[in-house]
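Visitor:
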Amino acid sequence: MRTPLVVLDRQRKLARLRAKRSMRTAVVIGSAVAGGVAAVGFAKLCDAAMEAHAWLVGPRHWLGPVLLLVGFPLVVWLTRKLAPAAAGSGIPQVIAASEIGRRRDEAGKPIPDDRVSLKTAALKVALAALFLVFGASIGREGPTVQVVAAVMAFLTSRLRGGPRRRTILIAGGAAGVSAAFNTPIAGIVFAVEELAKGFDKRATSVVILAVVSAGVAAFALGGNYAYFGDLAGSAGWSTWLSAPLIGVGAGLAGGLFSRLLSAWMTGDNPVRRLREARPLGFAALCGLAAATTAALTKGVAYGAGYAEAKNLLLGHFASGWRLAAGKWISTLAAAVSGAPGGIFAPSLATGAGLGALFAHVAPWAGGREAVTLGMAAYLTGVVQAPLTSAVILMEMTRDPGLVGPLLLACLVARKCSEMLCPVPLYHTLARAWTTPRRRSEAEAAT
Numbered sequence: 289m290r291t292p293l294v295v296l297d298r299q300r301k302l303a304r305l306r307a308k309r310s311m312r313t314a315v316v317i318g319s320a321v322a323g324g325v326a327a328v329g330f331a332k333l334c335d336a337a338m339e340a341h342a343w344l345v346g347p348r349h350w351l352g353p354v355l356l357l358v359g360f361p362l363v364v365w366l367t368r369k370l371a372p373a374a375a376g377s378g379i380p381q382v383i384a385a386s387e388i389g390r391r392r393d394e395a396g397k398p399i400p401d402d403r404v405s406l407k408t409a410a411l412k413v414a415l416a417a418l419f420l421v422f423g424a425s426i427g428r429e430g431p432t433v434q435v436v437a438a439v440m441a442f443l444t445s446r447l448r449g450g451p452r453r454r455t456i457l458i459a460g461g462a463a464g465v466s467a468a469f470n471t472p473i474a475g476i477v478f479a480v481e482e483l484a485k486g487f488d489k490r491a492t493s494v495v496i497l498a499v500v501s502a503g504v505a506a507f508a509l510g511g512n513y514a515y516f517g518d519l520a521g522s523a524g525w526s527t528w529l530s531a532p533l534i535g536v537g538a539g540l541a542g543g544l545f546s547r548l549l550s551a552w553m554t555g556d557n558p559v560r561r562l563r564e565a566r567p568l569g570f571a572a573l574c575g576l577a578a579a580t581t582a583a584l585t586k587g588v589a590y591g592a593g594y595a596e597a598k599n600l601l602l603g604h605f606a607s608g609w610r611l612a613a614g615k616w617i618s619t620l621a622a623a624v625s626g627a628p629g630g631i632f633a634p635s636l637a638t639g640a641g642l643g644a645l646f647a648h649v650a651p652w653a654g655g656r657e658a659v660t661l662g663m664a665a666y667l668t669g670v671v672q673a674p675l676t677s678a679v680i681l682m683e684m685t686r687d688p689g690l691v692g693p694l695l696l697a698c699l700v701a702r703k704c705s706e707m708l709c710p711v712p713l714y715h716t717l718a719r720a721w722t723t724p725r726r727r728s729e730a731e732a733a734t
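So the mapping is simple: this note's numbering equals the position in the sequence shown, first residue as 1, plus 288.
#1: Find the nearest neighbour of Leu529 within the set Arg448, Ala650 and Arg428, judged by alpha-carbon distance.
#2: Should Gly461 be listed as close to the ligand MG, given that the test is whether its C-beta is under 6 Å from any heavy atom?
#3: What's the call for Lys586, buried or exposed, on a 16-neighbour Cβ count within 10 Å?
#4: Contact between the segment 612–628 and the segment 550–570: three or more CB pairs below 8 Å?
#5: So, using beta-carbon positions, are Gly352 and Gly430 closer together than 7 Å?
#6: Could you spell out the range, first to last residue, of the alpha helix (DSSP H) harbouring Phe646?
#7: Classify His349 as buried or exposed, calling it buried when 16 or more other Cβ atoms lie within 10 Å of its own Cβ.
#8: Pro251: which of Trp721, Gly329 and Arg702 sits nearest, CA to CA?
#9: Between which two residues does the alpha helix (DSSP H) harbouring Cys698 extend?
#10: Tell me which residues share the same chain as Ala502 and place their Cβ nearer than 6 Å to its Cβ, disregarding the 5 neighbours each side in the sequence.
#11: Does the Cβ of Lys489 have 16 or more other Cβ atoms within 10 Å, making it buried, or fewer, making it exposed?
#12: How would you call Pro361, buried or exposed, if buried means at least 16 neighbouring beta carbons within 10 angstroms?
#13: For Pro628, which three-state DSSP category applies?
#14: At what residues does the alpha helix (DSSP H) containing Tyr594 begin and finish?
#15: Where does Ile496 fall in DSSP's three states?
#16: Please report the residue range of the alpha helix (DSSP H) in which Glu481 lies.
#17: Where Leu645 and Lys407 are concerned, what is the direct C-alpha to C-alpha distance, given to the nearest angstrom?
#18: Looking only at its chain, what residues have a beta carbon closer than 8 Å to the beta carbon of Ala579, apart from the 5 residues adjacent to it on each side?
#19: Which first and last residues belong to the alpha helix (DSSP H) in which Pro353 is found?
#20: Rounded to the nearest angstrom, what separates Ala730 and Leu370 at their Cα positions?
#21: What ranges does the alpha helix (DSSP H) occupy inside the segment 407–491, keeping only unbroken runs of at least 4 residues that lie completely in it?
#22: Does DSSP put Leu333 in a helix, a strand or coil?
#23: For Gly643 versus Ala658, is the C-beta spacing smaller than 7 Å?
#24: Taking 6 Å as the limit between beta carbons, can you name the residues of its chain near Thr581, skipping five residues before and five after?
#25: Near Pro693, which residues of its chain fall below 7 Å by C-beta distance, leaving aside the five closest residues on each side in sequence?
#26: Name, in chain order, the residues that DSSP records as bridge partners for Gly376.
Given below as structure tokens:
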């Protein structure tokens, strides 16, 4: 029989253990809230940057291509000089950091990880916004994943006995998607489907906790909004018939985009060798391609493409050809240049253009439904994450009636994309970030 002192001592130990667990949970919640605040601030900064570009170009249409010609090499130079790990989307860096982890020095202390550091996150915010001022076709959603993951990794770095660093990074990435699009379910699906690849089930609660906390912060600052407005409806037979056809076309277009970007960023070919040997000259060529595209498409290729995609969803239909082709080329040019910027929002705009083009040539297709299916299918073709793409469009448009056709279009799109690009884009690009210190030192020396 236990003595009262033994029982009291055990109760005290349990109380201390519960207090430590509560403290760790509070730190995770606080870090996710801070990440959500950072995501909303970044979103507002990007909106201001695109407004600044519109104000600059406005009546001076000739200035848009000039800004791109100047902006590409300038932003690439600043990135390589100040924060090499801020290049590109940011999602490959988070995947690499979560899968490979940090190296340690001879004393066993972790080496600072540039891929998910606060310095990299802060500079990525500033450089991506600057790139949008110049009119580059980039999105903020991928960079938001890296920014929120960096914030959470920093604020939880001193936790002992809590979630592992990999779990925190994956949770931060999920919270980033959730806060960027105001799509909490899609954030969780993205973490499981794209960031983790074999995610530990015990970490699910941490991911959900981070997503909910970041979502609360985003709601408090930005309100309860749908990314593209409330567009609820129902799917008829024409939508089901259109879904696989759109999936084929958008999946092939997205797969081709990923194949070229993967090859030019990681393969052994003349384009990558030129990019490595003459990074600023290559960036200038990318700027020339983007400037030419902007001029030929009369400016629809500028920026993230949010306004153009929303106009198509709201029924302001055009053929979609200029938007689809212009965003496809200009986004590829921005992504391969080495400057900071994501591909999520431009991919949605490209898919919207493809959907509108399909509705233009297929008399039975509903315009809004085709645009929605095109966005989900093309995004799937690029990133090969069909569940994320379907859920994110359902939450963005708040149209649960399209769930079935969305899933069908996305599954068809993934199969078509895999024929052109067998390995998912982000995981191919993540290979370049598996040795962060060596990469940073090599790029800084050039």
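Ideal Cβ positions, reconstructed from N, Cα and C, are used throughout, including at glycine. Treat the numbers as computed from the prediction; the structure is a model and nothing was measured.
Guide: Let me spell this out:
#1: The sequence position of residue 529 within the sequence shown is 241, counting from 1. Taking only the C-alpha atoms, the option nearest Leu529 is Ala650.
#2: By its list of ligands, the structure shown contains no ligand whatsoever, and the ligand MG lies outside what it can speak to.
#3: Here the question's residue 586 lines up with position 298 in the sequence shown. That one is exposed.
#4: yes
#5: Taking the sequence shown and counting its residues from 1, one reaches residue 352 at position 64. Taking the sequence shown and counting its residues from 1, one reaches residue 430 at position 142. No, these two residues do not count as a Cβ contact at 7 Å.
#6: Position 358 of the sequence shown, counting from 1, holds the residue named residue 646. Counting along the chain, the alpha helix (DSSP H) containing Phe646 begins and ends at Phe632 to Val649.
#7: For the purposes of this step, residue 349 is taken as residue 61 along the sequence shown, with counting starting at 1. His349 is exposed by the Cβ-count criterion.
#8: Because the chain here runs from 289 to 734, residue 251 falls outside it and cannot be looked at.
#9: On the sequence shown, position 410 is the one that residue 698 refers to. Element bounds for Cys698: Val691 to Leu708.
#10: Here residue 502 refers to the residue found at position 214 of the sequence shown. Counting only Cβ-Cβ distances below 6 Å, and skipping sequence neighbours, we find Ala320, Gly323, Gly324, Ala463, Ser466 and Ala467.
#11: Residue 489 sits at position 201 when you count from the first residue of the sequence shown. Residue placement at Lys489 is poorly supported in this model, since its pLDDT is 46, which falls under 50; the coordinates still yield a value, given next. Under this definition Lys489 is an exposed residue.
#12: In the sequence shown, residue 361 corresponds to position 73, counting from 1. With 16 or more Cβ atoms within 10 Å of its Cβ, Pro361 is classed as buried.
#13: If you number the sequence shown from 1, residue 628 lands on position 340. Correct three-state label for Pro628: strand.
#14: Looking up residue 594 in the sequence shown gives position 306. Element bounds for Tyr594: Tyr594 to Leu601.
#15: Residue mapping note: residue 496 aligns to position 208 of the sequence shown, counting from 1. Unreliable placement is indicated for Ile496, whose pLDDT of 49 sits below 50; the coordinate value is still reported in the next sentence. Three-state DSSP puts Ile496 in a helix.
#16: Here residue 481 refers to the residue found at position 193 when the sequence shown is read from its first residue. Looking at the DSSP string, Glu481 is not in any alpha helix (DSSP H), and its letter there is neither H nor E.
#17: As a working mapping, residue 645 is identified with position 357 in the sequence shown. As a working mapping, residue 407 is identified with position 119 in the sequence shown. Their Cα atoms are separated by approximately 42 Å.
#18: Counting from 1 along the sequence shown, the entry for residue 579 is found at position 291. The residues are Gly352, Pro353, Val354, Leu356 and Leu357.
#19: Translated into the one-based positions of the sequence shown, residue 353 becomes position 65. Here the alpha helix (DSSP H) through Pro353 covers Leu351 to Leu370.
#20: Taking the first residue of the sequence shown as position 1, residue 730 is located at position 442. Taking the first residue of the sequence shown as position 1, residue 370 is located at position 82. Note that Ala730 scores 41 on pLDDT, short of 50, meaning its location in the model is unreliable and no value can be drawn from it.
#21: 429–443, 453–469 and 472–478
#22: Here residue 333 refers to the residue found at position 45 when the sequence shown is read from its first residue. In the structure shown, Leu333 sits in a helix (DSSP, three-state: H, G or I).
#23: Looking up residue 643 in the sequence shown gives position 355. Looking up residue 658 in the sequence shown gives position 370. Yes, the Cβ-Cβ distance between Gly643 and Ala658 is below 7 Å.
#24: Along the sequence shown, one-based indexing puts residue 581 at 293. These residues qualify, in order along the chain: Ala589, Gly614, Ile617 and Ser618.
#25: Numbered from 1 along the sequence shown, position 405 holds the residue referred to as residue 693. Once the five neighbours on either side are set aside, the close Cβ partners of Pro693 are Ala523, Thr527, Trp528, Ala531 and Leu661.
#26: Numbered from 1 along the sequence shown, position 88 holds the residue referred to as residue 376. In DSSP, Gly376 forms a bridge with Pro628.
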